[in-house]
Structure formats: structure tokens, C-alpha cells
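Structure record follows, encoded as C-alpha cells.
There are 2 protein chains.
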Amino acid sequence: MAPTKCATCPLRSRPLFKTNTDEEIAFINEMRRGTLKFSAGAQILSQGDDDSDLYTLYSGWAFRFKELEDARRQILNILMPGDFMGFHVSPHTGAPYGIECLTEVEVCVFPKRKLWDLFRNHPGLAYDVTWLTAHEEGIVDDNLLSVGQRSGMERVATIVLAVYKRARQLDLVQDNALDFPLTQQHIADMLGMSLIHTNRVLRRLHRDGVFTLARKKLRVHDTSALRSLAAWAETPVPKRPLI
Amino acid sequence: MAPTKCATCPLRSRPLFKTNTDEEIAFINEMRRGTLKFSAGAQILSQGDDDSDLYTLYSGWAFRFKELEDARRQILNILMPGDFMGFHVSPHTGAPYGIECLTEVEVCVFPKRKLWDLFRNHPGLAYDVTWLTAHEEGIVDDNLLSVGQRSGMERVATIVLAVYKRARQLDLVQDNALDFPLTQQHIADMLGMSLIHTNRVLRRLHRDGVFTLARKKLRVHDTSALRSLAAWAETPVPKRPLI
DNA sequence: CGAGGAATTGACCGCCATCAATCATAGTGG
DNA sequence: CCACTATGATTGATGGCGGTCAATTCCTCG
Numbered sequence: 001m002a003p004t005k006c007a008t009c010p011l012r013s014r015p016l017f018k019t020n021t022d023e024e025i026a027f028i029n030e031m032r033r034g035t036l037k038f039s040a041g042a043q044i045l046s047q048g049d050d051d052s053d054l055y056t057l058y059s060g061w062a063f064r065f066k067e068l069e070d071a072r073r074q075i076l077n078i079l080m081p082g083d084f085m086g087f088h089v090s091p092h093t094g095a096p097y098g099i100e101c102l103t104e105v106e107v108c109v110f111p112k113r114k115l116w117d118l119f120r121n122h123p124g125l126a127y128d129v130t131w132l133t134a135h136e137e138g139i140v141d142d143n144l145l146s147v148g149q150r151s152g153m154e155r156v157a158t159i160v161l162a163v164y165k166r167a168r169q170l171d172l173v174q175d176n177a178l179d180f181p182l183t184q185q186h187i188a189d190m191l192g193m194s195l196i197h198t199n200r201v202l203r204r205l206h207r208d209g210v211f212t213l214a215r216k217k218l219r220v221h222d223t224s225a226l227r228s229l230a231a232w233a234e235t236p237v238p239k240r241p242l243i
Numbered sequence: 001m002a003p004t005k006c007a008t009c010p011l012r013s014r015p016l017f018k019t020n021t022d023e024e025i026a027f028i029n030e031m032r033r034g035t036l037k038f039s040a041g042a043q044i045l046s047q048g049d050d051d052s053d054l055y056t057l058y059s060g061w062a063f064r065f066k067e068l069e070d071a072r073r074q075i076l077n078i079l080m081p082g083d084f085m086g087f088h089v090s091p092h093t094g095a096p097y098g099i100e101c102l103t104e105v106e107v108c109v110f111p112k113r114k115l116w117d118l119f120r121n122h123p124g125l126a127y128d129v130t131w132l133t134a135h136e137e138g139i140v141d142d143n144l145l146s147v148g149q150r151s152g153m154e155r156v157a158t159i160v161l162a163v164y165k166r167a168r169q170l171d172l173v174q175d176n177a178l179d180f181p182l183t184q185q186h187i188a189d190m191l192g193m194s195l196i197h198t199n200r201v202l203r204r205l206h207r208d209g210v211f212t213l214a215r216k217k218l219r220v221h222d223t224s225a226l227r228s229l230a231a232w233a234e235t236p237v238p239k240r241p242l243i
């Protein structure tokens, strides 16, 4: 359950997140209308929606995706606690993507019409919003690099490594293991590969002892093997803002 | 040549761009340190650069890209007049991508240290910066959808259509034709395909009379054929800000 | 006119998609 | 407690889209 006060938000105390001034946190707290819960599989946002609020993912995992008419689906990036959602939605053009929950999800809700207040009176927070948007673009850049240039094996290694690092920053890793709610179909849709080929690649990495992925648990045994498999172009992440 | 005053910027008068208040334009004008010229092939920004100013592309074409160690290159998006560059560069982590010119390019230069002034005193412009960042992410989303899910033929059709529409909005199209500075290698690197396969696909579309691409000139004959080939998921663009 | 980049075409092949079937796991109702 | 069902994972067989190697032609430009 999300706390009622942003000042005591347990996310914010993680070293991953930067600090804000008390005044800024007070404003966030006041702007926050409350929280919403979604169950696994529910859509926080559907492609084409012409109205949405702004959300910060508080707990759980989700993903952002686009679909073609014939139901081919590309997952654009994975959303984890601290990620900010909904800025792209315009009433004129509608949401260019959908967001679907992988687990039960809790989000903090911010009414979009207050965004102007935020930009007007809290330039530091406005900058944070921009930073979060730019950061998400960086993730998509990385995914595009993978899908466009890396082999199947490299893609899988890259995404596993990226998720693992992100999860560790969020303190979701214990004994090199974490809860991993993606199915192989999700991984396939994220990497632009067929489900079957994705399975074969996972199987191979499993057999080689790089990591194991079974029953929604990911266990990484050999990060250095992962790194070399990934043809890794490291994109470091400094402290990130939380809104 | 860029005019010395932003108020008389010929870009701004295009219907593609939204209006700003006189005060905002005055601020942009004051923040602008001047212009820089690059020749075709020059890099405005190199992957890893730990310092850069902010730029608005005034004339010419460029592209944003990422490379792996072994020189595989993914072009992330094409940059055309009005595009904003450099926000992602942080002194701590360096530029996560490079920017290279396709033609001779002229950019307007804004010192990054004045960005705080902009956010503090001109929330409307701050919002514009965020919008531009978010919009670019939308383009990358589209490209990822293409590279991940579309066939070679569909990818080529999609990108040609997208460039054509963008060029038309910028008044670069006359008689269905425009100057098109990308080589087939660029298209290949953008679509995650080999040069040779890209050539074959282009050849086929050429033979079928959909468009012709020769001598740096793109001529589109059948946009509706393009649209159906692209399995198009239209992402409409409203008026965009210009900084 | 020569040189070098870009485009084109052919031959060959492999990674990965597709089709199909089986197995594993978990949840449900009788 | 055990069919029964649904979802997800796994494996085999086959084929095609698109990658790779190689050679030639075309353009552009000094």
C-alpha cells in the first residue's frame, strides 16, 4: 500500500532516487489525487485513449507497447517502480501506445490539468518531468539498437542484463534472484523475435549456466558472461528523479 | 543563412510550428548564442561526449545513432529543421548517442547553463522542451515498432512515407519530389536490414511504380500504395513548438 | 579521365519464422 | 482427490526471408 504522504514514500528513500526539496515534495503530495490499483493484465492506458491522467508507478511491473492492425505487438519498454506515465497522451491525437500491467500494479495519480501549475511554480519538478521523459527515450533507444543490430542471443542477454541491473537498483534482487513476471511471449514481443526462437535462445543460455528463468523467477549466475554476450554499450544511469 | 533575430525566423512562420508569445521569442533570441555550420558527414555530437550545448536544427538533415563496439550502427531517428538536440547529454554519463550530418547543416546554439533560466522564468518554453523530447521519443517508438515487427518491404514503405510527410510539412516537397540525402546504407542502418536486402526492396518498389529514389531525389508516385504496404498505424502530429 | 563511393545483381546459405505436437504447471469444479 | 481446462514452455521438422560474399556497373567529383 502506498503511504498517504509523499514525504514518507519508501521509494524515495532508495539510493536510486535523487532528493527533492521539502517544498517540492509538499507540492507533489498536494497534486497527487490518490492511488489506483490494477490487476495483472489490466491496461492502464489503451492505444488511442484521448484522455488520461499522469501516473507514477508505485509498485508492480507494466509495459508500454504499440500494435499494428493485424495484432503484431511491439513492447517498447518495461515500467518499474518510479517510472512516470502519461505525458505523451494528447486529447487531440490520443495515446500513441498502450500500457499493460504484468503484475498487480499500484500507481499514484496526478491530474493532468495541474501540470501547468507544476511547470509554472516548480521549475525543478518541471525539469524532473523532462528528465524522466528523456530517460525513457534513452531506454527505447537502447531497445531499438538491440532489435535493429543484435543477434537473438545478444538481444536476450542484453535485456536480461538490463532488467537485472534495474531490479537491483530497486532492491528487488536477493541472492541474485528476482521475481520476473514476463512470459516468453513478452520477451519475444519486446525483442522482435518469434516465441519459439526466443525459447530456444533462453534454453541455450540456461544450459550454459548463464542464468535460469523458471516459474517467474530469474536467477543470474554469470553477469560477466551476460555482459560479453550482449556486445554491451553501457548506458549508465545516475540518480533519477521521482515525481 | 539563419536570420539574426528569432522573431523573423522563417521556420517559425511555417504552419507546422505553433506560436509563442513575444516575450518567449525575445528570451529565445537572447539565449541563442549564435549559429554553427557543419558540413555533410560532420558529427554535431559524438557518442560519449561529456559536454555539449543545446541545438536547434535550422537547416539541413542529420541523424541520431548508436554504435556497438564492432561498428554495427543503429540510426535512431532522422533530424530535420526544427528538431531540438542535446538535452540527453549529461556531464557525468556522456552522450549516449551521436549525431551526424547528412547535408550541410546550420544549427542555432543555446548554452546549456541557461537552461535553468528557461525552466525558471519561462514555464511555457520549459513545457515546449518537454514536448519536443516526448515527441522525439514517439518517433523512436515508431521506428522500434517497424524494426521489431514489420517485414522489410513494410519497413521501407513506412519510413519513406514518414519522411515524405515530414518533408511536406516543412515545405520541402515540390511535385511530389524532395531532396533525399540518405544513402541506401543509411536506410539499412535505420531499418536494421543489410544494405543488399535494402537495395532489393527499394528496387522492387521502384519497379512497381510506388516511388523512385535516384540521385538523392525521392519522388513519391503512389502514397496510398505506400500506406497500405506500411501496415500503417498513423501517429498524427499537431503543431509543434520551436525553440 | 581516373578514382572512389554508391548502387545493383547473382549465388549461396543460415538464422530465425512457421507449423505442429507434446509436456508442464496451476487453477477449477465435480 | 482427481479429471478437466487453460496458459505457458519445450522440442522437432521444414522453409523462407534476409544475411553474407563477390563481382560488376553507375555516379560524382576532383
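Protein sequences appear in the order of chains Z and W. Using the UniProt record's numbering, you'd call the opening residue of the first sequence number 1 and step up by one each time. Using the UniProt record's numbering, you'd call the opening residue of the second sequence number 1 and step up by one each time. Beta carbons are placed, not taken as given, at the ideal position from N, Cα and C, and that holds for glycine.
- Chain Z has no Cβ within less than 7 Å of the Cβ of F27/W.
- For R72/Z, a Cβ of chain W is located within less than 7 Å of the residue's own Cβ.
- Only those residues of the segment 133-158 of chain W whose C-beta falls short of 8 Å from the nearest C-beta of chain Z are listed: T133, A134, E136, E137, G138, V140, D141, D142, N143, L144, L145, V147, G148, Q149, R150.
- For P111/Z, same chain residues with a beta-carbon under 7 Å away, outside a window of 5 residues either side, are R33, D53 in chain order.
- Residue pairing of I78/W in beta bridges, as defined by DSSP: F63/W.
- Between F63/W and H92/W, the alpha-carbon positions lie close to 24 Å from each other.
- DSSP places D83/W outside any beta strand (DSSP E), giving it a letter other than H or E.
- Contacts between Y127/W and chain Z, judged by CB atoms closer than 7 Å, involve F119 in chain order.
- Counting only the Cα atoms, E23/W lies some 55 Å from A177/Z.
- DSSP, reduced to helix, strand and coil, places L132/Z within a helical segment of the structure shown.
- K5/W and L226/Z have their C-alpha atoms some 53 Å from each other.
- Within a 10 Å sphere around the beta-carbon of R150/Z sit 16 or more other beta-carbons, which makes this residue buried.
- Between L76/W and F65/W, the C-beta gap is smaller than 7 Å, which places the two residues in contact.
- Nearest Cα to R113/W within the set L144/W, V140/W, S90/W, F211/W: S90/W.
- Under the DSSP definition of a beta bridge, A225/Z lacks any partner.
- When the alpha-carbon of L118/Z is set against those of D49/Z, D141/Z, F27/Z, T8/Z, the nearest one is in F27/Z.
- Not flagged as an interface residue toward chain Z: F211/W, since no C-beta distance is shorter than 7 Å.
- Using a Cβ distance threshold of 7 Å, Q184/W and N199/W count as a contacting pair.
- Rounded to the nearest whole angstrom, the CA to CA distance from L213/Z to V156/Z is 12 Å.
- In this structure the segment 97-108 of chain W does not touch the segment 100-109 of chain Z; the number of beta carbon pairs closer than 8 Å is below three.
- For F110/W, the uninterrupted beta strand (DSSP E) run begins and ends at 105-110, by DSSP.
- Under the DSSP assignment, Q184/W falls in the alpha helix (DSSP H) whose first and last residues are 184-191.
- Contact annotation: I25/Z and D128/Z have beta-carbon atoms that are not nearer than 7 Å.
- Sorting G148/Z, L205/Z, C9/Z by C-alpha distance to the C-alpha of V160/Z places L205/Z at the top.
- With respect to chain W, the C-beta atom of T93/Z has a partner C-beta closer than 7 Å.
- The segment 35-51 of chain W and the segment 134-146 of chain W do not touch, with fewer than three beta-carbon pairs separated by less than 8 Å.
- Within chain W, the residues whose beta carbon sits less than 7 Å from that of Y97/Z are D141, listed in sequence order.
- Chain W has no Cβ within less than 7 Å of the Cβ of G41/Z.
- A Cβ of chain Z is located within less than 7 Å of the beta carbon of G192/W.
- For T4/W, there are no neighbours in chain Z by C-beta distance under 7 Å, as the nearest C-beta there is about 29 Å away.
- At a C-beta separation below 7 Å, L76/W has these neighbours in chain Z: D141, L144.
- Cβ neighbours of K216/Z within its own chain (closer than 8 Å, five residues either side excluded): D179, F180, P181.
- Pairing A134/W with T133/Z gives a Cβ-Cβ distance under 7 Å.
- Among the CB atoms of chain Z, one or more fall inside 7 Å of the CB of T130/W.
- Think of a sphere of 8 Å around the beta carbon of H88/W: the chain Z residues whose beta carbon falls inside it are A134, E137, G138, in chain order.
- The C-alpha of S59/Z is placed about 15 Å away from the C-alpha of R168/Z.
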